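*Asks:* These protein sequence lines map, in sequence, to chains A and B. Using our numbering, the letters of the first sequence map in sequence onto residues 23 to 135. Using our numbering, the letters of the second sequence map in sequence onto residues 64 to 176.
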Amino acid sequence: EDQVTQSPEALRLQEGESSSLNCSYTVSGLRGLFWYRQDPGKGPEFLFTLYSAGEEKEKERLKATLTKKESFLHITAPKPEDSATYLCAVLLPYTGANSKLTFGKGITLSVRP
Amino acid sequence: EPEVTQTPSHQVTQMGQEVILRCVPISNHLYFYWYRQILGQKVEFLVSFYNNEISEKSEIFDDQFSVERPDGSNFTLKIRSTKLEDSAMYFCASSGSGIYGYTFGSGTRLTVV
């Protein structure tokens, strides 16, 4: 069973059309939830880490929020350069030195001018 | 901004050959990881390395794989006898305390022919 589910799989927006990307998770005792941006053929680029329900973080046009079951990445007035795949990953409950991330499949965002 | 550096960016190898993928993690980080992403699929955890030993490995990381930190700055992933299904993007990552500063490199695209 997938522990991290992202929706929708793909999203096409018009420039300036705000929207939200969803990441739901089924683990308890979450240590952290990460959002990354990935451009084609590149590595994941760090955006945010959220640690507890109710936490919010912002960076430019992006705002990430966290509840006990899901996280949202809100994109306000997106621009074509925001087009990328957005990855969500969770850090599972602590078991020794384990700090592996479990990723969702990603959401491919396309913003049309 | 500190970054994780990976070389080469692209490697083509024949099936059965050995390959070594190289990474220079962020200098004051203590935790090191390898992940892979098969085209069109999720980013998957392979192995974590801390205090000069493997702290966790996935079921993908079988006897064909090994990791090493030979000189205090480099971190390598070796695949002894490559298979066609090893073709993927391989990402190195490092973090400061297991959670903080979890940074990925830009990846090595491995193509096995």
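No residue lacks a Cβ here, since even glycine has one placed at the ideal position from N, Cα and C. As the structure is a computational prediction, the values presented were derived from the model and not from experiment.
Measure the CB-CB distance between Ser-150/B and Leu-173/B and report whether it falls below 7 Å.
*Replies:* Reading the second sequence from its first residue, position 87 is the one you call residue 150/B. Reading the second sequence from its first residue, position 110 is the one you call residue 173/B. Against a cut-off of 7 Å, the Cβ pair of Leu-173/B and Ser-150/B comes out as a contact.
*Asks:* Please report whether the beta-carbon of Tyr-94/B lies at a distance below 7 Å from any beta-carbon of chain A.
*Replies:* On the second sequence, residue 94/B is found 31 positions in, with the first residue counted as 1. Yes, because at least one Cβ of chain A sits closer than 7 Å to the Cβ of Tyr-94/B.
*Asks:* Go to Gly-128/A, then tell me how far its beta strand (DSSP E) extends in each direction, as first and last residue.
*Replies:* Here residue 128/A is taken as the residue at index 106 of the first sequence, counted from 1. It is not in any beta strand (DSSP E) - Gly-128/A carries neither H nor E in the DSSP assignment.
*Asks:* Tell me the rounded alpha-carbon separation between Met-152/B and Asp-134/B.
*Replies:* Taking the first residue of the second sequence as 1, we reach residue 152/B at position 89. Taking the first residue of the second sequence as 1, we reach residue 134/B at position 71. One C-alpha to the other measures close to 24 Å.
*Asks:* Compile a chain-ordered list of the residues in the region 116-131 of chain B whose CB is closer than 7 Å to at least one CB of chain A.
*Replies:* Ser-118 and Glu-119
*Asks:* Pairs of beta-carbons, one from the region 137-146 of chain B and one from the region 98-115 of chain A, closer than 8 Å: are there three or more?
*Replies:* no
*Asks:* Can you look up Glu-116/B in the DSSP assignment and give me helix, strand or coil?
*Replies:* Numbered from 1 along the second sequence, position 53 holds the residue referred to as residue 116/B. Looking at Glu-116/B - three-state DSSP - the assignment turns out to be strand.
*Asks:* So what does DSSP say about Glu-148/B, is it helix, strand or coil?
*Replies:* Position 85 of the second sequence, counting from 1, holds the residue named residue 148/B. Three-state DSSP puts Glu-148/B in a helix.
*Asks:* Indicate whether Phe-154/B and Tyr-98/B have their beta-carbon atoms separated by less than 7 Å.
*Replies:* Working through the second sequence from its first residue, we reach residue 154/B at position 91. Working through the second sequence from its first residue, we reach residue 98/B at position 35. Yes.
*Asks:* Assign Glu-78/A to one of three DSSP states: helix, strand, or coil.
*Replies:* If you number the first sequence from 1, residue 78/A lands on position 56. Glu-78/A falls in the strand class under three-state DSSP.
*Asks:* Are Gly-38/A and Ala-99/A closer than 7 Å when you measure CB to CB?
*Replies:* Here residue 38/A refers to the residue found at position 16 of the first sequence. Here residue 99/A refers to the residue found at position 77 of the first sequence. Result yes, Cβ atoms of Gly-38/A and Ala-99/A sit closer than 7 Å.
*Asks:* Let me know the secondary structure DSSP gives Glu-107/B once reduced to three states.
*Replies:* Residue numbering aside, residue 107/B sits at position 44 when the second sequence is read from its first letter. DSSP places Glu-107/B in strand when its eight states are reduced to three.
*Asks:* I want to see whether chain B comes within less than 7 Å of Ser-121/A, judged by CB atoms only; does it?
*Replies:* Counted from its first residue, the first sequence places residue 121/A at position 99. Closer than 7 Å: yes.
*Asks:* State the Cα-Cα distance for the pair Lys-91/A and Thr-48/A, rounded to the nearest angstrom.
*Replies:* As a first step, residue 91/A must be located in the first sequence, where it is residue number 69. As a first step, residue 48/A must be located in the first sequence, where it is residue number 26. When only Cα atoms are considered, Lys-91/A and Thr-48/A end up about 7 Å apart.
*Asks:* Against chain A, does Phe-108/B count as a neighbour if the rule is that its beta carbon must be under 7 Å from one of theirs?
*Replies:* Position 45 of the second sequence, counting from 1, holds the residue named residue 108/B. So, interface residue.
*Asks:* Please list the partners that Leu-109/A has in chain B, where partner means a Cβ-to-Cβ separation under 9 Å.
*Replies:* Against the first sequence, residue 109/A aligns to sequence position 87. Neighbours of Leu-109/A on chain B, chain order: Lys-105 and Val-106.
*Asks:* Please list, in chain order, the residues of the region 49-79 of chain A that have any C-beta partner in chain B closer than 9 Å.
*Replies:* Arg-53, Gly-54, Phe-56, Tyr-58, Gln-60, Gly-63, Lys-64, Gly-65, Pro-66, Glu-67, Phe-68, Thr-71 and Tyr-73
*Asks:* DSSP three-state call for Glu-67/A: helix, strand or coil?
*Replies:* Translated into positions along the first sequence, residue 67/A becomes position 45. Strand at Glu-67/A.
*Asks:* What are the start and end residues of the beta strand (DSSP E) that includes Leu-102/B?
*Replies:* For the purposes of this step, residue 102/B is taken as residue 39 along the second sequence, with counting starting at 1. Annotation for Leu-102/B: no beta strand (DSSP E) segment contains it, and DSSP assigns it neither H nor E.
*Asks:* Give a yes or no on whether the C-beta atoms belonging to Ile-129/A and Ser-41/A are separated by under 7 Å.
*Replies:* The residue given as residue 129/A occupies position 107 in the first sequence. The residue given as residue 41/A occupies position 19 in the first sequence. In this structure, the beta-carbon distance from Ile-129/A to Ser-41/A does not fall below 7 Å.
*Asks:* Using only CA atoms, which one of Thr-124/A, Ser-74/A and Lys-101/A lies nearest to Ser-132/A?
*Replies:* Along the first sequence, read from residue 1 onward, the residue named residue 132/A stands at position 110. Ser-132/A has its Cα closest to that of Lys-101/A, out of Thr-124/A, Ser-74/A and Lys-101/A.
*Asks:* Name the chain B residues that come within less than 8 Å of Lys-127/A, Cβ to Cβ?
*Replies:* Taking the first sequence and counting its residues from 1, one reaches residue 127/A at position 105. By Cβ distance, chain B contributes Gln-104 and Lys-105.
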